[in-house]
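Residue numbers (my numbering), protein chains in the order written: chain A, 945 to 1273; chain B, 12 to 387.
Think of the CB as a built atom: it goes at the ideal place given N, C-alpha and C, for glycine as much as any other residue.
Contents: one structure, followed by commentary.
If you want it as structure tokens, here you go:
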């Protein structure tokens, strides 16, 4: 085990113990729920950026996933359809971005922003059909917390992490799968090469456009799931603009976690926790304004600290947001 | 060249899709005569265009939704044409939207959020022939009226329901921002609960948002974890209701009837009924009798109401609410009448003294029994 991962483990354990003692287990349960939509969106953006594409359309893809997930679940009364709907819709939204930036080589920032604006509008427009509607009971029941045998018996950790809904578990699995994929498989290595140095990757026979398309679509699907978690599980009734800016936080979290899926879980839960810790500290004499500032303050501090330590691991993919022109080598 | 084309394409996408995605400013002319008794009104009304500026989406199921119900009622009653714009930020953007609406022929504009006040006041001087109505502010000009409802009266009634229902004697209140409108509501709610249950404590949690369903739900969960058994809210979403529903607690909504959202939890809600005011004022503009005014009426004018109690409400609540309603209507229950104590137990309003409207509109202290802090 590397020194840094030992350090991280110690920090996380300390945070957990601290939170358990001062805030109670119920707080930690809420933290995981608040962090889950962020986790999906962060993983989605992370995999997109690993392919060398900066997609600022996270908020838009989340909202499209939210409306599609809600719509599919509401109309078919089938919880699985809600997930499938969100995945397909998120991927389709990302396809627009992929076509613009890969095939047409449009500016990535502009295309991403366009996708956010488009997604916000489309979600509201399609959502007009669902105003005042609630998810069917059987769908809600499907996403009730499920106890994982054995694991849920571990003191504290069991209750916090293993008595949750399916989405939450799927989030853990995705983070681990993506981590193994990126760092321990050949395709993962190829993907990183595409993000770092597309010309070199191209020369070694990797199909750059295919890699970019596939991972942008996967990224979009994950963002769609993040949005669907909010609309289908967390507040299972139609509310417009339910993401309320979480997509932007996810983009910052990708930098925070240094393009590493494992650290993305830490970032997402830390941020989820910071966004709700204020509700439980208001009885103490702490300024409300300070509590509202907390998540952003911590982000800045972490970014400053992490950028002081310059290492190859911590830097963004070199080819990020640069369109790839084969002819311009 | 290819690069240029793709950039252009991307930009076109921004413009085209931003335009088509948002619910377009729909105009739903309703020329049918809604009821046969008043066909003569509609001749003049048909040509009239009324504009509405909303701070949130109609789909919030809350504050903006309630205003939009008023707009629909106006169309139905008078047959005027209405145009609206959702999610207009409380910035200079509102001026642009108003100009747009006036260009389209609007002769009356309802701007429905506090933050629009200064912009509306400014623009009202530019268009003296247009009638402006601003919701929840305090400024008026020659052709700009302000209007709001005494929702605190309905909150007092909802407090009675909560006070009768609670078993832990602790009620949670998810609140947006520590501004007088919210503080007044919390105080009225607490006084209502205390009128039937003197031991009640109301725990307030601030969210610093009007509209973030997931976050507001989390705030309610935090309160429920802290031991409250009823959730009330001053938010524009139904997030807190959802928290109560999941935890098997009970809830008081806000803005509109939220019974379908949390069928096992929801008991009642203080709700808005803007329609009659919109009809009366639009009629006044048509008749040429519009004058600038400051309108702050309550249950007597039916601009605020308590939503029908559901089966979740406690026994005896209906009778208690009816009795209190009668008292509010005949003026014998003023709500903000002494003796009133602040959180420290000091007398703030002496026995028999009634707070003036001005004092109520700038209230910045909690009554005894509220647990929470107002950041000054």
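Cβ neighbours of residue i in the same chain (closer than 8 Å, five flanking residues each side left out)
i                       : result
residue 974 of chain A  : 1220
residue 306 of chain B  : 156, 157, 158, 159, 288
residue 1073 of chain A : 1015
Coil, strand or helix - residue i by DSSP
i                       : result
residue 145 of chain B  : strand
residue 33 of chain B   : Note that residue 33 of chain B scores 40 on pLDDT, short of 50, meaning its location in the model is unreliable and no value can be drawn from it.
residue 182 of chain B  : strand
residue 136 of chain B  : helix
residue 326 of chain B  : coil
residue 157 of chain B  : strand
residue 242 of chain B  : strand
residue 1122 of chain A : helix
residue 278 of chain B  : strand
residue 88 of chain B   : helix
residue 199 of chain B  : helix
residue 96 of chain B   : strand
residue 40 of chain B   : Below a pLDDT of 50, predicted positions are generally treated as unreliable, and residue 40 of chain B, at 42, falls in that range; the measurement from the model is reported next regardless. Three-state result, residue 40 of chain B: coil.
residue 1148 of chain A : coil
residue 214 of chain B  : strand
residue 952 of chain A  : helix
residue 1185 of chain A : coil
residue 119 of chain B  : strand
residue 262 of chain B  : strand
residue 971 of chain A  : helix
residue 283 of chain B  : strand
residue 1269 of chain A : coil
residue 103 of chain B  : coil
Residue i to residue j span [Cα, whole Å]
i                       : j                       : result
residue 1091 of chain A : residue 1123 of chain A : 25 Å
residue 209 of chain B  : residue 351 of chain B  : 13 Å
residue 962 of chain A  : residue 253 of chain B  : 29 Å
residue 77 of chain B   : residue 1158 of chain A : 44 Å
residue 1215 of chain A : residue 57 of chain B   : 54 Å
residue 1010 of chain A : residue 1174 of chain A : 7 Å
residue 1134 of chain A : residue 1153 of chain A : 12 Å
residue 323 of chain B  : residue 276 of chain B  : 7 Å
residue 949 of chain A  : residue 956 of chain A  : 10 Å
residue 4 of chain B    : residue 1269 of chain A : Past the edges of chain B, shown from 12 to 387, lies residue 4 of chain B, and the structure says nothing about it.
residue 1192 of chain A : residue 1003 of chain A : 6 Å
residue 1246 of chain A : residue 1199 of chain A : 10 Å
residue 130 of chain B  : residue 1054 of chain A : 31 Å
residue 1001 of chain A : residue 1057 of chain A : 6 Å
residue 953 of chain A  : residue 1212 of chain A : 16 Å
residue 125 of chain B  : residue 146 of chain B  : 6 Å
residue 334 of chain B  : residue 326 of chain B  : 14 Å
residue 309 of chain B  : residue 983 of chain A  : 46 Å
residue 419 of chain B  : residue 1188 of chain A : With chain B covering 12 to 387 only, the question about residue 419 of chain B has no answer from this structure.
residue 108 of chain B  : residue 144 of chain B  : 15 Å
residue 286 of chain B  : residue 85 of chain B   : 6 Å
Cβ-based neighbour list, residue i, same chain, cut-off 7 Å, excluding 5 preceding and 5 following
i                       : result
residue 311 of chain B  : 340
residue 1178 of chain A : 977
residue 187 of chain B  : 193, 218, 220, 221, 245, 246
residue 237 of chain B  : 214
residue 196 of chain B  : 162, 163, 166, 245
residue 1140 of chain A : 1261, 1262, 1263
residue 380 of chain B  : 201, 205, 211, 212, 213
residue 1095 of chain A : 1102, 1106
residue 1196 of chain A : 1243
residue 1085 of chain A : none
Own chain residues within Cβ distance below 6 Å of residue i, not counting five before or after
i                       : result
residue 204 of chain B  : 170, 173, 174, 211
residue 1267 of chain A : 1049
residue 370 of chain B  : none
residue 116 of chain B  : 60
For this session: Mind checking the stretch 225-256 of chain B against chain A and listing, in chain order, the residues whose C-beta falls within less than 7 Å of any C-beta there?
Result: 225, 226, 228, 229, 230, 232, 233, 236, 248, 249, 250, 253
Exercise. Can you list the alpha helix (DSSP H) stretches of 4 or more residues lying completely in the stretch 1215-1252 of chain A, in chain order?
Worked result: 1232-1252
For this session: Please list the residues of the stretch 1068-1094 of chain A that have a C-beta atom closer than 7 Å to any C-beta atom in chain B, keeping them in chain order.
Result: 1068, 1069, 1071, 1072, 1075, 1076, 1078
Problem set entry | Near-chain A residues of the stretch 204-223 of chain B (beta-carbon distance less than 9 Å), N- to C-terminal order | 214, 215, 216, 217, 218, 219, 220, 222, 223
Exercise. Any residues in the stretch 180-196 of chain B with a beta carbon nearer than 7 Å to a beta carbon of chain A? Which ones, in chain order?
Worked result: none
Problem set entry | Residues, ordered as in the chain, of the stretch 1163-1188 of chain A that lie near chain B by beta-carbon distance below 8 Å | 1174, 1178, 1179, 1180, 1181, 1182, 1183, 1184, 1185, 1186, 1188
Exercise. In the stretch 272-288 of chain B, which residues sit with their C-beta less than 8 Å from some C-beta in chain A, listed in chain order?
Worked result: 272
Exercise. If you scan the stretch 1016-1097 of chain A from start to end, which runs of the alpha helix (DSSP H) of 4 or more residues do you find wholly inside it?
Worked result: 1023-1042, 1052-1071, 1081-1086
Exercise. Listed from N- to C-terminal order along the chain, which residues in the stretch 1193-1224 of chain A have their beta-carbon within a distance smaller than 7 Å of any beta-carbon of chain B?
Worked result: 1219, 1220, 1223, 1224
Problem set entry | Chain-ordered residues of the stretch 1224-1243 of chain A with a beta carbon less than 8 Å from chain C | Of the protein chains in this structure, namely A and B, none is chain C.
Exercise. Residue ranges of each beta strand (DSSP E) run of no fewer than 3 residues wholly in the stretch 299-378 of chain B, ordered along the chain?
Worked result: 305-308, 315-317, 358-360
Problem set entry | Contact set between the stretch 978-991 of chain A and chain B, restricted to residues whose Cβ is under 8 Å from the partner | 978, 981
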